[in-house]
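Heads up: the sequence shown runs through residues 1 to 214, numbered per full-length UniProt numbering. Each residue gets a CB set at the ideal place from its N, CA and C atoms; glycine is no exception. Worksheet: one structure, shown below.
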Amino acid sequence: MLTIYNVPVSTYTAKLRVTLRHKGLAWEELPPPGGYGSAEYKAIVPSGNIPAMVHEGFMLADSEAIAEYLNEAFPEIPMLPTDLRQRAKAREFGRLHDTRLEPNVRALFPQVAYATRDMDAVQTCGAALSQSLKALDLLLSHSQLPTDQLWLCDAGFAITFAWIDAMETALGVPVDWPAPVRAYQTRLKGFSAVSDELEFYRPAMDDYLQKARP
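Structure (structure tokens):
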């Protein structure tokens, strides 16, 4: 049995759950003992990161590291291409998500509370999001990854797209979505691992966004 340490709103745990679901794996989810950042939790996970995994006594933190471990430990449903260059391209996609698009969304979290929201900062974040989506559009236009499979790099985008849509509605973030990126989002929702996770995760998103209301 896999144990995943998590807090409900964690975007990176939601990303990891897409992989777990797609591979048909069973897992248990636990809150960090003593709370996120506690000394008790760091006694298990020295980095204090969420998510973290324990598998047969082996502990690993960081969603991307965990996903790659699971892909090798449970290879029956592969989520990285066998071809060397395609694997590198899949990782390039994943890095764009983790280092550019997701941080642009994370920069909006301090602006969620209605009482302290800075609309100039919201506008700035919207412009940065639009630029990252434009970069993704360009990457998609050159991608040779088969589109009939779900890859590790897809999981993060599926969750982050949902957050962008939610932030547009809740905060009025101005975002320019290239049509191919919207088509990519729609294609990802066609995988049951993605649609099931989005349905499961939605209440945590909605709960977090309650403070966005006047």
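Notebook entry, point to check: Going by DSSP, which residues form a beta bridge with E28?
Noted result: Here residue 28 refers to the residue found at position 28 of the sequence shown. Paired residues: T3.
Notebook entry, point to check: Anyone know if the C-beta pair for P33 and Y41 falls short of 8 Å?
Noted result: If you number the sequence shown from 1, residue 33 lands on position 33. If you number the sequence shown from 1, residue 41 lands on position 41. A contact, by the Cβ cut-off of 8 Å.
Checklist line | Distance, D207 Cα to G24 Cα | finding: Counting from 1 along the sequence shown, the entry for residue 24 is found at position 24. Counting from 1 along the sequence shown, the entry for residue 207 is found at position 207. Going by the C-alpha atoms only, they are around 28 Å apart.
Margin query: As a quick exercise: from R91, F93, L101, L70, pick the residue whose alpha carbon is nearest that of V175.
Written below: Position 175 of the sequence shown holds residue 175. For V175, the nearest C-alpha among the options comes from L101.
Check: Is the Cβ-Cβ distance between Y12 and S47 less than 8 Å?
Finding: Counting from one through the sequence shown, the residue named residue 12 turns up at place 12. Counting from one through the sequence shown, the residue named residue 47 turns up at place 47. No. Outside cutoff.
Item checked: Top-ranked residue by Cα proximity to K189, from A204, D148, P214 -> On the sequence shown, position 189 is the one that residue 189 refers to. Cα-wise, what sits closest to K189 is D148.
Next item on the list: Count the CB pairs spanning the stretch 181-200 and the stretch 153-171 that are closer than 8 Å, and state whether there are at least three.
Entry: yes
Note to self: Let me confirm a value: F161 is counted as buried when at least 16 other C-beta atoms fall within 10 Å, else exposed. Which label applies?
What the structure shows: As a position in the sequence shown, residue 161 is number 161, starting the count at 1. Buried, since its Cβ has 16 or more Cβ neighbours within 10 Å.
Item checked: Nearest to E28 (by Cα), restricted to the options L2, R21, V45, I44 -> As a first step, residue 28 is located in the sequence shown; it is residue number 28 there, counting from the start. Of the candidates L2, R21, V45, I44, the one whose C-alpha sits nearest the C-alpha of E28 is L2.
Note to self: I'd like to check one pair, W151 with M79: are the Cβ atoms closer than 8 Å?
What the structure shows: Counting from one through the sequence shown, the residue named residue 79 turns up at place 79. Counting from one through the sequence shown, the residue named residue 151 turns up at place 151. Closer than 8 Å, so yes.
Next item on the list: Ignore the nearest five residues each way along the sequence and tell me which others in A121's own chain have a CB closer than 6 Å to its CB.
Entry: As a first step, residue 121 must be located in the sequence shown, where it is residue number 121. Contacts found: Q111.
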